[in-house]
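Participant: Encoded as structure tokens, here's the structure I'll be asking about.
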Amino acid sequence: MAPFPRNPSYMAGMTEPSLLWFRHDLRLSDHPALLAAVAGGRPLLPVFVLDDAAAGPHRPGGAARWWLRGSLAALGRDLAARGAPLLLARGRAETVLPALAAAIGAGTVHAGRGYEPWARAQSRRVHEALADGGRSLALHTTALLREPHGFGAASGKPYAVYTPFAKTLLAAGDPPAPRPAPDRLAGLPHPPGGETLEALGLYPVPGEPDWARGFDKTWQPGEAGAQARLARFVAGALGRYGTDRNIPGIEGSSGLSPHLHWGEVSPGQVWHAARAAGAEAGQTETFLKEILWREFSYHLLWHRPELPEVPLRAEFSRFPWQADAALLAAWQRGRTGYPVVDAGMRQLWQTGWMHNRVRMIAASLLVKHLLQPWQDGAAWFWDTLVDADLASNSASWQWVAGCGTDAAPYFRVFNPILQGEKFDAEGRYVRRWVPELARLPNAFLHKPWEAPSEVLAAAGVRLGTSYPRPVVDHAKGRARALEAFAALRA
Ligand code: FAD
């Protein structure tokens, strides 16, 4: 990108403008950094910087890039309608932001705090580069209910276990009421030019398959889409959340995860909308506790920045994983022979999202029955989830693999057949995503290999051809996983 020219003629006599750097807070309402930037009627230059080099291996994956493209388009429209168009830039944030601040004569860059290890390093570099020019970076809490630093368990140490963490946050009472978006923003008369959305090259990537083509049937990235989904959820599924959230065949959860990941809605807005909806208190509390799982994941990532790569339980670095490309590929493609797992993996591929219960079953099958390293599963999720989130994804994989601080014990191996029968008893989920099994009766839907040949024939299923046999026998896979675990402990 060319350097931004200074424009002193229009800067003379003008109130000093502010620069607002959008990060994981792509919205206009309940945005403390935005409100601070425009306080006192300051003119505003809003900017988004695509800095893939800073994020390195944790740059947004394919599905997340599809989402980001839509979200930036929506944010750009919303900002332009209020009078301050969004400037898009690509490059190192510590180069782009000081240059822009100098070009418009802004003394302060306002932004939300970043929590990923790379984002923290990026904030430090931006801060230093601005300070060199006598300018400052003001960081605000835009993505979480509470900053993960400066608060810990009674011992004074960071929380390692979810329950006491959640209790403390619940006892602290509701977060502050959300604040509305400003009606109008004062943009700059002659803002510097930026990149077009197309030039950011987010999606589709030339030479790569456009697999996200159908995502917009399910999702509407952007603040309006987030608010619409939130309103639908609190008016409907929230009232039955405690039970329905576990049923993958219905819309029993909020589907807010990608909106929360990109900050198109704040967790405080979600919290207050749920409280105000008038659902039964127990249902609301169960839902709010899931919002606190998100907070807890960020707390873990902040205090254990090795979370995405390194098992938090040190002994797991000796775990005898048996990396196998063919097994990994069968799992990725939804061809493991376990219908509920395959349904989940195909839902993921086709919509960029997978139901939480099925994420747990599918992840467990990979790391336990198939003995594949959890990092390989996390990497696939990273690339294919629209809600791919370094904190929640890493913490959840470590939880399933048994190597997190607050993990499910390794010996608790999900049974993919029983899980399917319990949570998809009517088979709606499997029939939707694994249509080649749709005509099997419920009794065999989650274990087609036990169906008599005439039942398979009547349902048009040819095991090993139209649908795979299980890649590993459940009992054998379970026993092998437990053996590997025993070896680790020995
Ligand atoms: P709801 O049930 O409506 O919950 C509301 C919100 O709470 C979610 O949007 C999410 O922000 C948060 N939340 C719910 N459950 C969890 C959880 N277990 N951990 C952290 N936050 C939670 N979630 C992500 O947002 N990004 C990920 O990359 C991600 N990877 C996961 C990987 C695995 C292996 C597993 C088991 C879970 C993962 N989760 C991840 C957590 C969870 O599956 C999703 O947040 C949830 O399915 C999103 O659907 P929802 O918005 O309808 O959730």
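Going by our numbering, the first residue of the sequence shown is number 106, and it counts up by one from there. The beta carbon of each residue, even a glycine, is placed where N, CA and C say it ideally should be. Predicted model, so just to flag it, every value in this text is computed and none were measured.
Does ligand 1 have a heavy atom nearer than 8 Å to the CB of valine 505?
Facilitator: It does: the Cβ of valine 505 is within 8 Å (strictly closer) of some heavy atom of ligand 1.
Participant: Which value, in whole angstroms, describes the spacing of the CA atoms of histidine 245 and glutamate 313?
Facilitator: Approximately 37 Å, taken between the alpha carbons.
Participant: For the 8 Å Cβ check, are there 3 or more pairs between the segment 304-320 and the segment 335-354?
Facilitator: At 8 Å Cβ cutoff, the stretches do not touch.
Participant: Indicate whether alanine 141 and histidine 215 have their beta-carbon atoms separated by less than 9 Å.
Facilitator: Cβ atoms of alanine 141 and histidine 215: closer than 9 Å.
Participant: Taking the beta strand (DSSP E) that leucine 542 belongs to, which residues open and close that run?
Facilitator: Looking at the DSSP string, leucine 542 is not in any beta strand (DSSP E), and its letter there is neither H nor E.
Participant: In the DSSP assignment, the beta strand (DSSP E) including phenylalanine 338 goes from what residue to what residue?
Facilitator: Run containing phenylalanine 338: none in the beta strand (DSSP E); it sits in the alpha helix (DSSP H), 328-340.
Participant: For tyrosine 534, name the three-state secondary structure that DSSP assigns.
Facilitator: Note: tyrosine 534 maps to helix in three-state DSSP.
Participant: Whole angstroms is fine: what's the gap from serine 359's alpha carbon to valine 339's?
Facilitator: Going from the Cα of serine 359 to the Cα of valine 339 covers about 8 Å.
Participant: Listed by chain order, which residues have C-beta atoms less than 6 Å from any heavy atom of ligand 1?
Facilitator: Residues with a Cβ closer than 6 Å to any heavy atom of ligand 1, in chain order: Arg350, Ser358, Ser359, Gly360, Leu361, Ser362, Leu365, His366, Glu395, Ile396, Trp398, Arg399, Ser402, Asn461, Arg464, Met465, Ala468, Phe486, Leu490, Asp492, Ala493, Asp494, Ser497, Asn498, Ser501, Trp502, Val505.
Participant: If you draw a straight line from the alpha carbon of valine 463 to that of glycine 439, how long is it in whole angstroms?
Facilitator: Between valine 463 and glycine 439, the C-alpha separation is close to 12 Å.
Participant: So, using beta-carbon positions, are leucine 125 and leucine 155 closer together than 9 Å?
Facilitator: Contact flag unset, no.
Participant: So if DSSP puts alanine 513 in a beta bridge, which residue, or which two residues, is it bridged to?
Facilitator: Per DSSP, none; premise fails for alanine 513.
Participant: Would threonine 268 pass as a contact of arginine 409 if the rule is Cβ separation under 9 Å?
Facilitator: Taking 9 Å as the Cβ cut-off, threonine 268 and arginine 409 do not qualify as a contacting pair.
Participant: What is the C-beta distance between alanine 179 and glycine 327, in whole angstroms, given that I count them as a contact (C-beta under 8 Å)?
Facilitator: Contact holds; Cβ gap of about 3 Å.
Participant: According to the neighbour-count rule (16 or more other Cβ atoms, all chains shown, within 10 Å of its Cβ), is aspartate 321 buried or exposed?
Facilitator: With fewer than 16 Cβ atoms within 10 Å of its Cβ, aspartate 321 is classed as exposed.
Participant: Based on DSSP bridge pairs, tell me the residues matched to tyrosine 443.
Facilitator: Tyrosine 443 is not bridged to any residue.
Participant: Sorted by chain position, which residues of the same chain lie with C-beta nearer than 7 Å to alanine 468's C-beta, five sequence neighbours on each side aside?
Facilitator: Hits under 7 Å: Gly482, Trp502, Val505.
Participant: Where do the N-terminal and C-terminal ends of the beta strand (DSSP E) with threonine 213 fall, by residue?
Facilitator: Element bounds for threonine 213: 213-217.
Participant: Does at least one heavy atom of ligand 2 sit under 8 Å from the Cβ of tryptophan 171?
Facilitator: As for ligand 2, it is missing from this structure, which binds only ligand 1.
Participant: Using 8 Å as the threshold, is the segment 548-567 in touch with the segment 436-450, meaning 3 or more CB pairs across them?
Facilitator: Output reads yes: the segment 436-450 touches the segment 548-567.
Participant: Alpha helix (DSSP H) containing phenylalanine 127: first to last residue?
Facilitator: Looking at the DSSP string, phenylalanine 127 is not in any alpha helix (DSSP H); the run it does join, the beta strand (DSSP E), is 123-127.
Participant: Is it true that the segment 553-564 meets the segment 470-482, where meeting means three or more beta-carbon pairs spaced less than 8 Å apart?
Facilitator: Touching, no.
Participant: Name the DSSP beta bridge partners of glutamate 300, please?
Facilitator: For glutamate 300, which the question treats as bridged, DSSP gives the partners Leu193.
Participant: Keeping to the same chain, check which residues put their C-beta closer than 8 Å to that of glutamine 455; ignore five residues upstream and five downstream.
Facilitator: So the qualifying residues of the chain are Gly319, Trp538.
Participant: Taking 9 Å as the cut-off, decide whether the C-beta atoms of alanine 258 and phenylalanine 270 are in contact.
Facilitator: Yes. Within cutoff.
Participant: Less than 9 Å between the beta carbons of glycine 449 and leucine 490, yes or no?
Facilitator: The answer is no: Cβ separation not under 9 Å.
Participant: If you reduce the DSSP assignment to three classes, tell me which class leucine 250 lands in.
Facilitator: In this structure, leucine 250 counts as coil in the three-state DSSP scheme.
Participant: What is the DSSP secondary structure of leucine 150, reduced to helix, strand or coil?
Facilitator: DSSP places leucine 150 in strand when its eight states are reduced to three.
Participant: What beta strand (DSSP E) runs, 3 residues minimum, are completely inside the segment 470-509?
Facilitator: Whole beta strand (DSSP E) segments, 3+ residues: zero.
Participant: What residues are listed by DSSP as bridge partners for alanine 384?
Facilitator: None; alanine 384 has no bridge partner.
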